[in-house]
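Note that the protein sequences, when read in sequence, are chains A and B. Quick note: the first sequence uses my numbering, first residue 60, plus one each step. Quick note: the second sequence uses my numbering, first residue 8, plus one each step.
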Amino acid sequence: MVSAITVKDAAKRYGQGDAVVTALAGITAEFEAGKFTAIMGPSGSGKSTLLHCLAGLDTLDEGGIFLGDIALSELSDKELTLVRREKVGFIFQAFNLIPTLNAKENILLPLSIAGVSADEAWYQEVVDAVGLGDRLTHRPSELSGGQQQRVAAARALVSRPEIVFADEPSGNLDSKSSEELLEFMRTAVDKFGQTIVMVTHDASAASHADRVIFLDDGKIAAEILDPTTDSILDKMKQLGD
Amino acid sequence: MLKVAWSSVLANKIRLLLTSFSIVIGVAFVAGSFVFTDTITTRFDRLFADISAGVDVYVQPVAPEFGNDFGQVELSMPQDVLNDVLAVDGVNVAEAGVGGFAQLVDSEGDVVGGFGPPTLGFSWSQDPDMTPLRIAPENGRPPQTAGEVAIDVATARTQGYEIGDTVSLLFTGPVEHFTLVGLANFGDEDNVAGATLAIFEFEEAQRLFGLEGRISQISVSAEPGVLAEDLAARIGSVLSEDVEAITAAQSTADQTAEIQEGLGFLTIGLLVFAVIAVFVGSFVIYNTFRIIVAQRTRELALLRAIGATGGQVTRMVVLEAFIVALVSSVIGIFAGIGLSLFLAFALSAAGLGFPDGPMTVLPRTVIVGLLVGVVVTLVASVVPARSASRISPVAAMQADLSATPRKTLRKRTIVGLGVSGAGFALVAVGLFGDFGNNLQCLGLGAVVAFVGISILAPIAARPFATFVGWPIRKIFNLFGDHVSAELAVQNTRRQPRRTASTASALMIGVTLIVFVAIFAASIKVSVGNTVAEIFPADISVSSSNFTIGVSPDYTENLRALPEIGQVTTLNSTQIRIQELGIETDVAAIEPDTAGGMVFSGASDEDLAELGRTNGLLIREDFEGAGGQERAEEQLGKTFTIELPNGTVETGRVVGVFTDGSFGDYIITRDRFVTGIEPVTDAFVLANAAEGVSVEAAKLAAEDAALVYPNAQVQTKTELVADAEAQIDGLLIIFTALLGLAIIIAILGITNTLALSIIERTREIGLLRAVGMSRRQLRRMIRWESVIVAVFGAFLGMLTGIALGWAVVQALKDEGLGDFALPVGQLVTLIGVAAIAGVFAAIYPAYKASRLNILDAISYQ
Chain A
60 MVSAITVKDA
70 AKRYGQGDAV
80 VTALAGITAE
90 FEAGKFTAIM
100 GPSGSGKSTL
110 LHCLAGLDTL
120 DEGGIFLGDI
130 ALSELSDKEL
140 TLVRREKVGF
150 IFQAFNLIPT
160 LNAKENILLP
170 LSIAGVSADE
180 AWYQEVVDAV
190 GLGDRLTHRP
200 SELSGGQQQR
210 VAAARALVSR
220 PEIVFADEPS
230 GNLDSKSSEE
240 LLEFMRTAVD
250 KFGQTIVMVT
260 HDASAASHAD
270 RVIFLDDGKI
280 AAEILDPTTD
290 SILDKMKQLG
300 D
Chain B
8 MLKVAWSSVL
18 ANKIRLLLTS
28 FSIVIGVAFV
38 AGSFVFTDTI
48 TTRFDRLFAD
58 ISAGVDVYVQ
68 PVAPEFGNDF
78 GQVELSMPQD
88 VLNDVLAVDG
98 VNVAEAGVGG
108 FAQLVDSEGD
118 VVGGFGPPTL
128 GFSWSQDPDM
138 TPLRIAPENG
148 RPPQTAGEVA
158 IDVATARTQG
168 YEIGDTVSLL
178 FTGPVEHFTL
188 VGLANFGDED
198 NVAGATLAIF
208 EFEEAQRLFG
218 LEGRISQISV
228 SAEPGVLAED
238 LAARIGSVLS
248 EDVEAITAAQ
258 STADQTAEIQ
268 EGLGFLTIGL
278 LVFAVIAVFV
288 GSFVIYNTFR
298 IIVAQRTREL
308 ALLRAIGATG
318 GQVTRMVVLE
328 AFIVALVSSV
338 IGIFAGIGLS
348 LFLAFALSAA
358 GLGFPDGPMT
368 VLPRTVIVGL
378 LVGVVVTLVA
388 SVVPARSASR
398 ISPVAAMQAD
408 LSATPRKTLR
418 KRTIVGLGVS
428 GAGFALVAVG
438 LFGDFGNNLQ
448 CLGLGAVVAF
458 VGISILAPIA
468 ARPFATFVGW
478 PIRKIFNLFG
488 DHVSAELAVQ
498 NTRRQPRRTA
508 STASALMIGV
518 TLIVFVAIFA
528 ASIKVSVGNT
538 VAEIFPADIS
548 VSSSNFTIGV
558 SPDYTENLRA
568 LPEIGQVTTL
578 NSTQIRIQEL
588 GIETDVAAIE
598 PDTAGGMVFS
608 GASDEDLAEL
618 GRTNGLLIRE
628 DFEGAGGQER
638 AEEQLGKTFT
648 IELPNGTVET
658 GRVVGVFTDG
668 SFGDYIITRD
678 RFVTGIEPVT
688 DAFVLANAAE
698 GVSVEAAKLA
708 AEDAALVYPN
718 AQVQTKTELV
728 ADAEAQIDGL
738 LIIFTALLGL
748 AIIIAILGIT
758 NTLALSIIER
768 TREIGLLRAV
778 GMSRRQLRRM
788 IRWESVIVAV
798 FGAFLGMLTG
808 IALGWAVVQA
818 LKDEGLGDFA
828 LPVGQLVTLI
838 GVAAIAGVFA
848 AIYPAYKASR
858 LNILDAISYQ
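Below you can see the structure in the form of C-alpha cells.
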C-alpha cells in the first residue's frame with residue numbers, strides 16, 4: 060500500500076485550564092493513495108479538526124503529519140501555502156466559490172494563483188466528468204447549489220493535487236445533487252486515481268468511499284472497508300451504545 | 008435599544024474610529040478657527056489695555072472715512088491742541104506724543120523686519136504713568152537730545168546692540184544714525200508682539216517723522232473722581248472737527264477690532280476648509296454606516312423578527328451615529344485647540360508676532376463644534392438608517408445575502424443628471440449672473456454638483472474599473488500573477504455604489520485642487536502679461552515694507568543718474584467725488600513723465616491736458632452712481648474731489664482712458680500729495696538711458712538705494728517673475744490645505760476596504776485555502792484600492808476641469824487669461840492618487856493577510 064498522507068500520534072487541544080477541550084487524543088492513521096476515505100463521527104469527535112490538520116490549515120500540538128515525505132509541522136506559512144497550492148485540493152460545505160469569477164475561472168483559480176497555465180486536455184476531461192456543459196460562463200449566483208459544489212469539485216481536481224480534502228461537501232445539498240456530486244468524486248478516484256479524504260456525518264455519502272474511519276472523543280473508534288449505507292449505520296449504532 | 012446601539016459601537020471600534028477621524032478633522036477646523044480668532048482678540052485686547060493702563064482719554068486726529076491702507080500717512084494734529092486739552096476741567100496730566108514709521112537698518116545696510124510686526128518710532132513720555140515703557144537703571148537712560156535713541160530690549164538682544172553703539176534707522180528719507188542710550192522694557196516684557204520700537208526725544212521725533220509743530224496723540228489722565236466718559240465728552244467739546252477725544256477703553260476696542268479685521272481672511276479661510284473637510288467627511292460617514300448596516304443585515308433582521316419595529320431599528324442606527332459623533336466632536340474640539348496653537352506658533356515662526364497669553368475657548372466654540380459634528384454625522388447616517396428599517400425579518404433566515412437584486416440604473420441616471428445639472432446651473436448663475444451673493448451661489452452649486460456626480464458615479468464605476476483594470480491585468484500577466492489583478496478589478500466592479508461613494512469623497516478634494524491649479528495657471532499667464540503692461544518701464548522701484556513708500560529724495564537722485572533715462576511715479580489712493588456720491592480707487596501719476604512708462608491707455612494729448620489743468624481722467628467704462636455710464640458725457644464736467652486726508656478740491660474731467668488696473672479715475676501726483684506730509688511714492692518707474700543696458704541701469708539704481716534700504720529695485724522680468732512666484736506660493740498653500748481633504752478621503756478608502764474585507768472573510772479564507780499567498784492577497788487589495796483612488800481622482804479631474812473652464816470663461820472680462828491646462832500637474836495628481844491608494848490599502852491588506860484561514864472559512 061502506498062500512503063498518500065500519514066498521521067502519527069496526533070494530539071490537539073483547544074482552550075486553557077478548566078475549559079480545555081481535547082479535539083485529537085492521539086490518532087495514528089494512513090490514507091492510501093488512489094483511494095476514497097471517509098471520516099465519520101458525532102459532533103465534537105474531532106473529525107473536522109483532523110481534516111484541517113491534514114490539509115495544513117491547522118497545526119497539531121503533538122505528533123506529525125506527512126504528506127508523502129513532507130512533514131507539514133515543519134513548514135512555514137509560505138511553504139504551507141505552496142503545499143496547498145500544488146499538492147492539495149479543497150471542497151468545503153459552503154461558500155466554495157469566488158462570487159466575482161465565473162464557473163470556468165473558479166475552476167482554474169488554483170492554477171491562476173500559481174501563475175501556471177492549464178493542461179487543456181486534463182481540464183476538458185475534468186469538466187466533462189463534472190457535467191457542467193454550458194454553465195461554465197455563469198457566475199456562482201446563477202448556478203444551483205449542486206452545480207456550485209460540482210464546480211468546487213472540478214476546481215479541487217484541476218491542479219492534479221496529490222490529495223483532495225472535502226469537508227461535508229454534500230451537507231447543503233438535496234439528495235439528488237448530493238448523489239451527483241459523490242458520483243463525480245467516486246469517478247475521480249476510479250478513473251483518475253485521485254486520493255480523496257472526506258469528512259461527513261451522512262452514512263449514504265460515506266458509502267461512496269472505499270474505507271470509513273470512525274472517530275470518537277478524538278480517537279479512532281472503528282474502521283470498515285468497502286462500506287455500504289447499512290454497514291455504516293450498523294457500526295454507528297454499535298458505537299453509540 | 009441604547010444598550011444594543013452601545014454594544015454595536017464597541018463591537019465596531021476600528022471602523023467607527025476611522026469614521027470618527029473624518030468628523031474630528033472637520034470639527035477641529037471649525038473649533039480651531041474660532042479658538043484662534045478668540046485667542047488673538049483677547050490677547051490683543053489685553054495688550055492694548057496694558058498700553059493704556061494709566062491713560063483715561065486719548066485725543067487724536069479723526070481717522071479718514073475712506074481710503075486704502077497702503078501709503079496711508081501717520082495722522083497728525085497741530086501741537087496747540089495740547090494747550091486746549093490742558094485747559095479742560097478735570098484733566099490731571101495731558102502729554103503729547105509723536106509716533107511714526109522707524110525701521111532698523113543692520114550693519115549690512117539691510118532693513119530689519121518690516122514684513123509682519125510693526126516697526127514703530129515714538130517720542131519718550133516724561134510721565135511714567137502715561138506709558139508702559141520703562142528703562143531700568145542698568146539699561147541706560149531715556150533719549151534726551153537729538154541723535155539719541157532707545158530701543159526695546161528684545162530687538163537689542165537679537166541685533167546685538169549695546170549701549171553706546173551706533174544704531175541706523177530708516178524713516179521716510181535717507182537712513183539716519185543715532186547713539187543708543189537706553190534699552191526699554193514694555194512693562195515686564197522685553198517686547199511687544201514682535202514689534203521693534205525706537206524711542207526718541209520729543210522734538211527729535213517730530214523732526215524725524217516730518218511732524219514739526221505737530222503731534223500724533225495726546226494721552227490724558229483724569230483727576231480723581233472724574234469719569235473717563237465725562238472727561239472725553241468735555242474735551243471733545245473744545246476740539247475742532249478733525250480731532251476727537253475717546254476713552255482708553257474705546258481705543259482698546261477699536262484697535263482690537265482692527266486686528267480682528269486684518270486677520271479676518273485667516274478665519275474665513277479656516278472656515279472654508281472646515282466646510283470642505285466636513286463635506287468630504289460626510290461622504291465617508293455615509294459610506295461607513297451604509298456598509299455597517301449591510302453587514303449587519305442578519306442581525307437587524309433578527310431584531311425585526313423578534314419584534315422590533317422599523318422605526319426602532321432606524322433609531323438604533325441613528326443612536327449609534329450619535330454616540331460616534333459626540334465622542335469625535337469632543338476630540339475634534341481638543342484637536343481644534345491644538346490646531347490654533349500650531350497656527351499661532353507657525354505665524355510667530357513666520358515673523359508675525361502675537362502677544363503671549365492663554366488660549367481662549369468660549370462656550371460658543373464648544374457648542375458650534377459639537378453641533379457641526381453631530382448634525383453632519385446624523386444627516387449622513389439618515390439614509391443608511393432608513394434602509395436598515397426596510398430590512399425584512401425574513402432576511403435573518405436567508406443563507407446568502409450577497410446576491411441582492413441590482414436596481415435599475417435608469418432612475419439613478421435621471422436623478423443624478425437632474426441634481427448635477429442643477430448644480431452646474433447654480434454654478435453658471437453664480438459665475439455669469441449679477442446679484443449680491445454670487446460667491447455663495449457658486450459654492451452651493453459646486454456642492455450640489457458634487458452630490459449629483461456622486462449619484463451618477465456608480466454608473467461609471469464598472470466601465471471605469473474595466474478600463475483601468477485592462478493595463479493592470481496586462482502588467483500582471485507578465486509577472487504570472489494574473490489572478491490578483493483580475494480579482495482586484497472584479498472586486499471594485501461588484502459593488503459599484505460602494506466603489507463610487509468611496510471614490511466620490513476623493514473626487515471633492517481632487518476637484519478643488521485641479522480647479523485651483525487651473526485657476527493659478529490661467530491667472531499666471533494673465534498676471535505676467537498685466538504686470539508687464541502696467542509697468543512698461545525697464546525698472547520699477549517699490550518699498551519692501553507695507554507702511555511707507557519710496558522716498559522722493561531717492562527719486563530725485565535717480566533722475567540725476569546718467570544711466571537712467573525717464574523717471575516717473577505711480578501711486579494709488581481713493582477719492583470721494585461729491586457730485587456722484589461715490590468713493591473710488593484712483594491712480595495718481597505725473598503727467599509729464601508718465602507717457603510710455605505707466606500703462607493708462609490715455610493719449611499723450613489727454614495726459615498733457617491733465618498736467619496743465621490738474622484735472623481728472625475718467626475710464627471708458629467707469630462705474631457711475633447708477634451703474635455703467637458713458638464716459639464721454641462726463642467730459643468737461645467739474646467734480647468736487649475729496650481726498651482721504653480731508654482736503655477738498657475741484658477738478659475738471661479732461662479726458663478718457665482705457666486701462667482699469669488702478670481704478671476709474673486718474674489724478675495728478677500734485678493733487679495726491681496735497682496735505683500729505685511727509686510724501687513717499689508707492690512705485691517709482693524708470694527707463695534705462697539711451698545706450699545703457701537694463702542691467703547696468705538696475706545696478707546704478709541699486710547703488711542709489713544704499714541709503715534708502717527699503718527701496719527694492721526690480722527689472723521688468725524680475726517683477727513678472729515675482730508676481731508669478733507669489734501665485735505659485737499661494738497655489739502651494741491652497742494645495743497643502745486641500746491635501747487635507749484628500750487625506751480624509753484616503754482614510755475613507757481605508758475604511759471601506761477594511762469593511763469589505765470583514766464582509767469577504769470567507770472568500771479570503773477560500774482564496775488562502777486554495778493556495779493564494781499572503782503577498783498575492785495583499786497585492787489584490789492594494790490594486791483594488793488603487794483603482795478606487797484613481798477613479799476618484801479621475802472624476803475629480805473631470806469636474807475640476809469643467810469648473811475651472813467655466814470660471815476662467817466667466818472672469819475673462821476681468822482680465823483673466825486664456826484657459827490653461829497644467830497637464831504636468833494633472834498627470835502628477837493621478838499618480839499621487841494611485842500612490843495614496845497604495846497607502847490606503849496598507850492596513851486592510853495587512854489585516855486580510857493575517858486572517859486565520861480556519862477562522863475565515865468557518866466565519867458566518
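From the three backbone atoms N, C-alpha and C, an ideal C-beta is built for every residue, glycine too.
Quick one: is residue i buried, meaning 16 or more other Cβ sit within 10 Å of its Cβ, or exposed?
i, result
"Q133/B", "exposed"
"K250/A", "exposed"
"N198/B", "buried"
"H184/B", "exposed"
"A732/B", "exposed"
"N536/B", "exposed"
"A706/B", "According to the sequence as given, residue 706/B is Leu; it is not Ala. By the 10 Å Cβ count, L706/B comes out exposed."
Closest to residue i by CA distance: which of the options is it?
i, options, result
"S114/B", "T768/B, P716/B and R782/B", "P716/B"
"I222/B", "G106/B, K854/B and L278/B", "G106/B"
"G586/B", "V655/B, A527/B and R626/B", "For the record, residue 586/B in the displayed sequence is Glu; it is not Gly. Ranking V655/B, A527/B and R626/B by Cα distance to E586/B puts V655/B first."
"G556/B", "I398/B, V291/B, I683/B and L744/B", "I683/B"
"S558/B", "F178/B, L111/B and D136/B", "F178/B"
"S856/B", "L204/B, G838/B, E725/B and R775/B", "R775/B"
"A567/B", "A696/B, D729/B and A191/B", "A696/B"
"V210/A", "A97/A, P101/A and F149/A", "F149/A"
"A35/B", "T367/B, R305/B, V285/B and L861/B", "V285/B"
"E702/B", "G450/B, L784/B and V720/B", "V720/B"
Any beta-carbon of chain A closer than 8 Å to the one on residue i?
i, result
"L858/B", "no"
"S780/B", "yes"
"D862/B", "no"
"A776/B", "yes"
With DSSP as the reference, please indicate the residues paired to residue i in a beta bridge.
i, result
"A718/B", "S550/B"
"G844/B", "Answer is none; G844/B lacks a bridge partner."
"V795/B", "Answer is none; V795/B lacks a bridge partner."
"K278/A", "D275/A"
I want to see whether chain B comes within less than 8 Å of residue i, judged by CB atoms only; does it?
i, result
"T259/A", "no"
"T196/A", "no"
"K137/A", "yes"
"S171/A", "yes"
"L113/A", "no"
"R143/A", "yes"
"F149/A", "yes"
"T140/A", "yes"
"A70/A", "no"
So, for residue i: in the same chain, excluding its five sequence neighbours on each side, which residues have a beta-carbon less than 8 Å away from its beta-carbon?
i, result
"L565/B", "V548, I571, V574, V691, A693, A708 and A711"
"A435/B", "G452 and A813"
Got a sec? Which residues, its chain only, sit under 7 Å from residue i by beta carbon, not counting five neighbours each side?
i, result
"H197/A", "N161 and A162"
"Q832/B", "A524"
"G105/A", "A82, L83, L274 and G277"
In chain order, what residues of the same chain lie with their CB nearer than 6 Å to the CB of residue i, ignoring the 5 residues before and after it?
i, result
"E169/B", "none"
Mind checking whether the beta-carbon of residue i lies closer than 7 Å to any heavy atom of the ligand ZN?
i, result
"L568/B", "With respect to the ligand ZN, the structure shown offers nothing to examine, as it has no ligands at all."
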